[in-house]
Amino acid sequence: MKLTKEKRERSDTCRGRKGKMTLLLAGVTLVSTFGSSFQYGYNVSVINAPAVFMQEFYNQTYFDRKGIPMESSFQMLLWSLTVSMFPLGGFFGSLMVGPLVNQCGRKGTLLINNIFSIVPAILMGTSKVAKTFEVIILSRIIVGICAGLSSNVVPMYLGEMSPKNLRGAVGVMPQLFITIGILVAQILGLTNILGTREGWPVLLGLTGIPAVVELFLLPFFPESPRYLLIQKGNEEQARQALKRLRGWDDVDDEIEEMRQEDQSEKLEGRLSVFNLCTFQALRWQLISIIVMMMGQQLSGVNAIFYYTDKIFESAGVNKNDVQYVTVGIGAVNVFMTCVAVFIIESLGRRLLLLAGFGICCISCAILTMALNLQATVSWMQYLSIACVIAYIIGHAIGASPIPSVMITEMFLQSSRPAAFMVGGSVHWLCNFTVGLVFLYMVKGLEAYCFLVFCAICLVAVIYIFIIVPETKGKTFMEINQSMAKRNKVEIQMDKQKLNDFQPASETPKKKEEAHSASVL
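So for the sequence shown, the numbering used here puts the first residue at 1143; every next one is plus one.
In structure tokens:
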């Protein structure tokens, strides 16, 4: 349908108006990130502090059953399973993203996901009373599924609801609440709070509280307007949701942009993961999210946290006080992620990615030198501390929060669920892999393992500098147009209406044949 001159003028005026952070948008952001993203961070860190007491429980339970102590190798195996089942569950949760968000919607999926938090919270909280360690291992994989879903669905949900000028800031909020979850688990896990022989079941069971909060409050907020219009075909509900989210009645410009996106995907259809991997028009977007997600998890953040205790002990910090220093590092992580919320819309995604991975790269290189020289040069131990803090800052402003924002922005509605499935699967598989091989790396390479992470960060910087475009302040269609040349496709436009992706060398006749084939 052609736009009249009056409609075009009104549309131009509306496009010039920046979206605002309404009370409803702020509310849905806080509820969804606290109810879902917070749990991811909480469960990443929650078993670290009470690890000794939980392993004692495993051994005592085994002794009560068998009458003999558990062998140390078997205990190590059980504990390794307890730790590694969480990222494995995250991988399974990522595979569930596409089917659930397409069938149940973004909000519906988050509500269903609370089951995967409340049930394991009850099981873990009562495991000591029930004298069973098996349910802890089972619960870790279930709560991992919860984290795998939430780490993908929350950024998708919020990214589709936010105006383009706030999309980056709102998109960083899930990562902010992940870091808050890590910090809260570190604080509650202190030996004078719940990190005790009696308190650890409560510590594990608290993960269900945010899920209960979300289960009661999220139904009062709207579904993603893009899901309602593009996938459900319900323009009236989409319009009403937009009016509530934006705080004004004139949402025609955003509705029109959604129609354009819908039109561009008519022939394309909903993409499966296989179709996404073979679709030329999204080739470099897909490669980019894989590189960014691999860089995020393989850049050494787990190694940094592993070495933190040793680094601070070598600097003269009392062993009993190291737990408080760890909390301090967690607080720095939260603070810098909060800073990222406020600077992402002014500095842009690309600059933060380059700066973040760049800082991590330099920090890993200097840290390798400092760790190897601190036995002979006294001030090197303080340089090690500075490198740890610098690394945390770099990861918090770039590598941690930005990749999920980029997945939301670089893909359209029909391909976004599949893209999150791919990105989420890469995220969790890399997380799982690091958990398996890192101790062997430390044993074989010692401090030189940071050179591996340095190289990975350097590769990420080079790739982002050459390939990844800036997406700040652009609509989803504009971002796809900016990637079209690199993908060697054209996005055809006809009277303000975007049509299908077409290879640059394709003739109109071939396009018509492709259209007929897709309809059949």
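For each residue, glycine too, the CB sits at the ideal point set by N, CA and C.
Only a predicted model underlies this, so the values are computations on that prediction, with no experimental measurement involved.
{"Query": "Am I right that Cys-1480 and Leu-1318 are in contact with their C-beta atoms under 8 Å? What's the rounded C-beta distance?", "Result": "6 Å"}
{"Query": "Throw me the rounded Cβ distance for the Gln-1197 and Gln-1217 pair, which I believe falls under 8 Å.", "Result": "6 Å"}
{"Query": "At 4 residues or longer, what runs of the alpha helix (DSSP H) sit wholly inside the stretch 1389 to 1467?", "Result": "1394 to 1406, 1415 to 1420, 1425 to 1440 and 1443 to 1456"}
{"Query": "Any chance the stretch 1372 to 1385 sits against the stretch 1189 to 1196, with 3 or more Cβ pairs inside 8 Å?", "Result": "no"}
{"Query": "Does DSSP put Val-1194 in a helix, in a strand, or in coil?", "Result": "helix"}
{"Query": "By the DSSP assignment, the alpha helix (DSSP H) with Arg-1351 in it spans what residues?", "Result": "First, the amino acid is wrong: residue 1351 is Ile here, not Arg. Note, Ile-1351: alpha helix (DSSP H), 1350 to 1359."}
{"Query": "Could you tell me the alpha carbon to alpha carbon distance between Phe-1574 and Gly-1231, rounded to whole angstroms?", "Result": "10 Å"}
{"Query": "Compute the distance between the beta-carbons of Met-1625 and Gln-1405, then report whether it is under 9 Å.", "Result": "no"}
{"Query": "Grab the span of the alpha helix (DSSP H) containing His-1569 for me, first residue to last.", "Result": "1558 to 1587"}
{"Query": "Compare the C-alpha of Phe-1454 against each of Val-1464, Gly-1536, Ile-1446 and Glu-1588 and name the closest.", "Result": "Val-1464"}
{"Query": "Could you tell me whether the stretch 1360 to 1375 touches the stretch 1217 to 1229, using the rule of 3 or more Cβ pairs below 8 Å?", "Result": "no"}
{"Query": "List in chain order: all unbroken alpha helix (DSSP H) runs of 4+ residues lying wholly within the stretch 1300 to 1350.", "Result": "1309 to 1330 and 1342 to 1347"}
{"Query": "Can you tell me which of Gln-1555, Pro-1297, Leu-1494 and Ile-1527 puts its alpha carbon nearest to the alpha carbon of Leu-1418?", "Result": "Gln-1555"}
{"Query": "Between which two residues does the alpha helix (DSSP H) carrying Lys-1270 extend?", "Result": "1269 to 1272"}
{"Query": "Runs of 4 residues minimum, wholly inside the stretch 1504 to 1533: which ones carry the alpha helix (DSSP H) assignment?", "Result": "none"}
{"Query": "Rounded to whole angstroms, how far is the Cβ of Thr-1349 from the Cβ of Val-1285, which I believe are closer than 8 Å?", "Result": "6 Å"}
{"Query": "For Phe-1607, is the classification buried or exposed, using 16 other Cβ atoms within 10 angstroms of its Cβ as the cut-off for buried?", "Result": "exposed"}
{"Query": "When burial is assigned at 16 or more other CB atoms within 10 Å of the CB, is Thr-1146 buried or exposed?", "Result": "Because Thr-1146 carries a pLDDT of 47, less than 50, the predicted location of this residue cannot be relied on, and the following value inherits that uncertainty. Exposed is the call here."}
{"Query": "Rank Ile-1431, Ile-1372, Val-1173 and Ser-1304 by C-alpha distance to the C-alpha of Ser-1602 and give the top, closest one.", "Result": "Inspection of the sequence shows that residue 1602 is occupied by Ala rather than by Ser. The shortest C-alpha separation from Ala-1602 is found at Ile-1431."}
{"Query": "Is Lys-1616 helix, strand or coil when you go by DSSP?", "Result": "coil"}
{"Query": "With Gly-1437 and Cys-1599 assumed to form a contact (beta carbons below 8 Å), what rounded beta-carbon distance in angstroms separates them?", "Result": "7 Å"}
{"Query": "So, helix, strand or coil for Val-1261, using DSSP?", "Result": "helix"}
{"Query": "Nearest-angstrom Cα distance between Met-1400 and Val-1295?", "Result": "20 Å"}
{"Query": "Determine the DSSP secondary structure at Lys-1385, reduced to helix, strand or coil.", "Result": "helix"}
{"Query": "Does the CB of Phe-1499 have a neighbour CB from chain C at under 9 Å?", "Result": "The structure shown contains no chain C; it is built from a single protein chain."}
{"Query": "Spatial neighbours of Ile-1604 within its chain, please: C-beta separation below 8 Å, excluding the five flanking residues on both sides.", "Result": "none"}
{"Query": "Can you grab the Cα-Cα spacing for the pair Leu-1387 / Ser-1236, in whole Å?", "Result": "28 Å"}
{"Query": "For Val-1579, which of Cys-1591, His-1569 and Val-1568 has the nearest alpha-carbon?", "Result": "Cys-1591"}
{"Query": "Would you call the stretch 1520 to 1528 and the stretch 1491 to 1498 in contact, with 3 or more CB pairs under 8 Å?", "Result": "no"}
{"Query": "Of all the options Val-1594, Ala-1528 and Met-1163, which has the alpha carbon lying nearest to the alpha carbon of Arg-1309?", "Result": "Met-1163"}
{"Query": "Who are the Cβ neighbours of Gly-1161 in its own chain at under 8 Å, not counting the five residues just before and after it?", "Result": "Ser-1304, Pro-1305, Lys-1306, Asn-1307, Leu-1308 and Arg-1388"}
{"Query": "So, for Lys-1544: in the same chain, excluding its five sequence neighbours on each side, which residues have a beta-carbon less than 6 Å away from its beta-carbon?", "Result": "A small fix is needed here, since residue 1544 is Ile in this sequence, not Lys. Counting only Cβ-Cβ distances below 6 Å, and skipping sequence neighbours, we find Arg-1491, Leu-1494 and Leu-1495."}
{"Query": "The alpha helix (DSSP H) that contains Val-1225, what's its start and end?", "Result": "1214 to 1237"}
{"Query": "Using the rule of at least 16 other Cβ atoms within 10 Å of the residue's Cβ for burial, across every protein chain shown, is Val-1271 buried or exposed?", "Result": "exposed"}
{"Query": "With a 10 Å radius around its C-beta and 16 neighbouring C-beta atoms as the bar for buried, classify Ser-1441 as buried or exposed.", "Result": "buried"}
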